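Please read the structure below before turning to the comments.
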Amino acid sequence: MSDRVLVLVRHGQSEWNLKNLFTGWRDPGLTEQGVAEAKRAGALLKAEGLAFDVAFTSALTRAQNTCQLVLGEMGLDGLKTIRDQALNERDYGDLSGLNKDDARAKWGEEQVHQWRRSYDVPPPGGESLRDTVARTLPFYIQEILPCVLRGEKTLVAAHGNSLRALVMVLERLSPEGIMKRELATGAPILYRLAADSTVIEHRDLIA
Ligand SMILES: O=C(O)[C@H](O)COP(=O)(O)O
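Read in this note's numbering, the sequence shown has 143 at position 137, and its numbers run on one by one without any break.
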């Protein structure tokens, strides 16, 4: 069994997830449900017998709070945690703050789906998933991966699309494949890596 363990977890439900608003780099906090989801993720990871050595999170409150709640639930309060905006959510540009159903009514289902899930169609004034990969992947390679390869069990608490950017690379998904990969709030994904940094095994801890 590989000792090179990486866990990705999307933050728990945010106030803007609840209101169905495009969020991106805006900074709402977690809802009560979001707090519960983060704690449940910590309990699940503890039940797996995991103890992290290092954690990474974004510069946004919902991911940082999720990270703290996960670690707290695992008895790992105060663990070394690196915060970096490279892990921030994809910038939703001019869509930020708009209601997702209102956007569908205005621009159509297909256009909004392209903005939300395609690899290379950026929302107006914002980042495509390709742009998001371009900033998350160097951070992963330079900062996160060396920890994992040293055998430090590593937690990354971040966002739906900043994590989809990493998932695309880790799971070797095509642009078509990543369109269908959804990450639920507070749902951890456990990866075990080989020494050459390829993924040996990955498992969604909540289906
Ligand atoms: O930024 C947001 O609005 C959400 O966190 C993720 O949005 P999505 O489901 O449209 O990718």
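Backbone N, C-alpha and C fix where the C-beta goes; we use that ideal spot for every residue, glycine too.
Values in this document were obtained by computation on a predicted structure and should not be read as measured data.
> For the region 69 to 80 against the region 96 to 112, are there 3 or more C-beta pairs whose distance is under 8 Å?
Replying inline: no
> Comparing the C-beta of E116 with each C-beta of chain D, is any distance below 9 Å?
Replying inline: Annotation note: the requested chain D is absent from the structure, which comprises a single protein chain.
>> Using only the alpha-carbon positions, how far apart do I195 and Q70 sit?
In response: 18 Å
> Could you give the distance in angstroms between the alpha-carbon of K45 and the alpha-carbon of K86?
Replying inline: 19 Å
>> Between the alpha carbons of D9 and K159, how many angstroms are there, rounded?
In response: 8 Å
> Can you pull the DSSP bridge partners for A163?
Replying inline: V15 and T63
>> In the DSSP assignment, the alpha helix (DSSP H) including T138 goes from what residue to what residue?
In response: L135 to F145
> For P194, which residues does DSSP report across the bridge?
Replying inline: V15
> Do the region 161 to 169 and the region 91 to 103 make contact, defined as three or more Cβ pairs closer than 8 Å?
Replying inline: yes
>> Using a Cβ-based criterion (distance less than 8 Å to any ligand heavy atom), does G30 qualify as near ligand 1?
In response: yes
> If you run the structure through DSSP and keep just helix, strand and coil, what is T72?
Replying inline: helix
>> Considering Cα atoms alone, identify which of K112, R123, G35 and G157 is closest to L66.
In response: G35
> Among all the DSSP beta bridges, which residues are the ones paired with V205?
Replying inline: L199
> Helix or strand or just coil, what does DSSP make of L27?
Replying inline: strand
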